[in-house]
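A short write-up of the structure that comes next.
Residue numbers (my numbering): 159 to 299.
Rendered as structure tokens:
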């Protein structure tokens, strides 16, 4: 999913949600996308109106959250945990889950570490540092 451009990525969200609403059969990735969308009712209207949000830009410096990025980070974290990559994330996730008892809250905590790692890699023009990512997550528990 993450080797596609912004428009294709957004189309996957719109298509998955539309298929869910129409009770069509979902592919595995679409099911994961719908699972994340269901956790975010604040985005349902946006996803029901692709024409209004397909090309919208979101500016964090103006206090805007990019809903597609937010949901995409949830998906990335779910995939990381499912395959334990980077190695050890599943263990850290389970420790946080034992502490908070809410997978969505835990994913939001991990998301801060993931966003920080991505930002630092972009700033430094380097590969993401999984070791620092896991250290950040470990400090959460």
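C-beta: ideal position from N, C-alpha, C; glycine also.
DSSP state of residue i mapped onto helix, strand, coil
i: residue 185; result: coil
i: residue 162; result: coil
i: residue 257; result: helix
i: residue 170; result: helix
i: residue 240; result: helix
i: residue 199; result: helix
i: residue 212; result: coil
i: residue 287; result: coil
Counted within 10 angstroms of its Cβ, other Cβ atoms place residue i as buried (16 or more) or exposed
i: residue 183; result: exposed
i: residue 245; result: exposed
i: residue 284; result: exposed
i: residue 277; result: exposed
i: residue 275; result: buried
i: residue 219; result: exposed
i: residue 195; result: buried
i: residue 250; result: buried
Closer than 7 Å: residue i CB and nearest the ligand FAD heavy atom
i: residue 258; result: The ligand FAD is not part of the structure shown, which contains no ligands of any sort.
Should the region 160-175 be called in touch with the region 218-237, which here means at least 3 C-beta pairs below 8 Å? The region 160-175 makes contact with the region 218-237: 3 or more CB pairs, one atom from each, lie closer than 8 Å.
Three or more C-beta pairs under 8 Å: does that hold for the region 261-269 against the region 231-251? Verdict: yes, contact present.
Do the region 252-261 and the region 291-299 touch if we need at least three Cβ pairs shorter than 8 Å? Under the three-pair Cβ rule at 8 Å, the region 252-261 counts as touching the region 291-299.
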